[in-house]
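Chemist: So the sequence lines, in the order shown, correspond to chains A and B. Per the numbering used here: the first sequence = residues 542 to 660. Per the numbering used here: the second sequence = residues 24 to 129. Just so it is clear, CB atoms sit at the ideal spot from N, CA and C, and this is done for glycine as well.
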Amino acid sequence: EVHLVESGGGLVQPGGSLRLSCAASGFTFSGYPMNWVRQAPGKGLEWVSYISSRSGAIDYADPVKGRFTMSRDNSKNSLYLQMNSLRVEDSAVYYCARGAAGGDYMDVWGKGTTVTVSS
Amino acid sequence: IVLTQSPDFQSVTPKEKVTITCRASQSIGTSLHWYQQKPDQSPKLLINYASQSFSGVPSRFSGGGSGTDFTLTINSLEAEDAATYYCHQTNSLPWTFGQGTKVEIK
Numbered sequence: 542e543v544h545l546v547e548s549g550g551g552l553v554q555p556g557g558s559l560r561l562s563c564a565a566s567g568f569t570f571s572g573y574p575m576n577w578v579r580q581a582p583g584k585g586l587e588w589v590s591y592i593s594s595r596s597g598a599i600d601y602a603d604p605v606k607g608r609f610t611m612s613r614d615n616s617k618n619s620l621y622l623q624m625n626s627l628r629v630e631d632s633a634v635y636y637c638a639r640g641a642a643g644g645d646y647m648d649v650w651g652k653g654t655t656v657t658v659s660s
Numbered sequence: 024i025v026l027t028q029s030p031d032f033q034s035v036t037p038k039e040k041v042t043i044t045c046r047a048s049q050s051i052g053t054s055l056h057w058y059q060q061k062p063d064q065s066p067k068l069l070i071n072y073a074s075q076s077f078s079g080v081p082s083r084f085s086g087g088g089s090g091t092d093f094t095l096t097i098n099s100l101e102a103e104d105a106a107t108y109y110c111h112q113t114n115s116l117p118w119t120f121g122q123g124t125k126v127e128i129k
């Protein structure tokens, strides 16, 4: 069965850093693009970043560009999001989501990890 | 690309038909997908590329449209369909989502 499990969330002060991880299982991780999507409390979904299957293409939403870095280690079936210079408005549940093979939509989502940025 | 869903909220009785619309600020072809998110759960894919039902999704869910106007239809609503529904475009970066439509069961 396909599984995505996020970890690394927590409480951090404004200006701080956090590294999220996403462990994938049940599929050939190296064959799929991946995404991070976040959801602020009581709000809608916001796409954060995308990485192609072999890291050849990486893109970010404007609000996180220059502060967040997405990466993956296909040998470890793992996805990462390094978040620096965190702001209060970055507080959200962060989901990792698999990009569909041959398509751009997201067909499998993890349960999410919560990031709270507060002093 | 801004996606605007309507309505924001809908209260519906079981077995009723529900139609949610999603309008894009510019033409996106059929690069429009629909997700369902139940309370305290992660989103689940329902429809990809405007009208293709994702594997395992009940047949009462269907999608249509192209260009700038899209619809998600739930035929004969069931109690388990209480959720927030989001449209999502992948025509051009940055990918965006609609604001969501909450469907409540009366």
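1) Taking only the alpha-carbon atoms, compute the straight-line gap between Gly585(A) and Ser34(B) and give it to the nearest angstrom.
2) Going by the beta-carbon positions, is the gap between Ser562(A) and Ser548(A) smaller than 7 Å?
3) Could you check the C-alpha separation between Thr53(B) and Gly121(B) for me, to the nearest Å?
4) Please work out which residues of its chain come closer than 6 Å, Cβ to Cβ, to Thr42(B), disregarding the five sequence neighbours upstream and downstream, and give them in chain order.
5) Taking a Cβ distance cut-off of 9 Å, strictly less, list which residues of the segment 583-607 of chain A are near chain B, in chain order.
6) DSSP puts Ala633(A) in a beta bridge; with which residues?
7) Is Asp603(A) helix, strand or coil when you go by DSSP?
8) Using beta carbons (cut-off 7 Å, strictly below), is Ser50(B) in contact with chain A?
9) Since Asp614(A) is in the beta strand (DSSP E), which residue starts that stretch and which ends it?
10) Suppose you measure from the CA of Asn576(A) to the CA of Pro117(B); what does that come to, to the nearest Å?
11) Out of Leu622(A), Ser596(A), Gln580(A), state which residue places its alpha-carbon closest to the alpha-carbon of Gly572(A).
12) Within a Cβ cutoff of 6 Å, which residues of the same chain sit near Cys45(B), ignoring the five residues on either side of it in sequence?
13) Measure the beta-carbon distance from Ala47(B) to Thr107(B) and round it to whole angstroms, keeping in mind my assumption that it falls under 8 Å.
Modeler: According to the structure data:
1) Between Gly585(A) and Ser34(B), the C-alpha separation is close to 19 Å.
2) yes
3) Going by the C-alpha atoms only, they are around 15 Å apart.
4) Thr94, Thr96
5) Lys584, Gly585, Leu586, Glu587, Trp588, Tyr591, Asp600, Tyr601, Ala602, Asp603
6) Val656(A)
7) helix
8) The beta carbon of Ser50(B) does not come within 7 Å of any beta carbon belonging to chain A, so the residue lies off that interface.
9) 609-614
10) 12 Å
11) Ser596(A)
12) Leu26, Gln28, Phe93, Cys110, Gly121
13) About 19 Å; that fails the 8 Å criterion.
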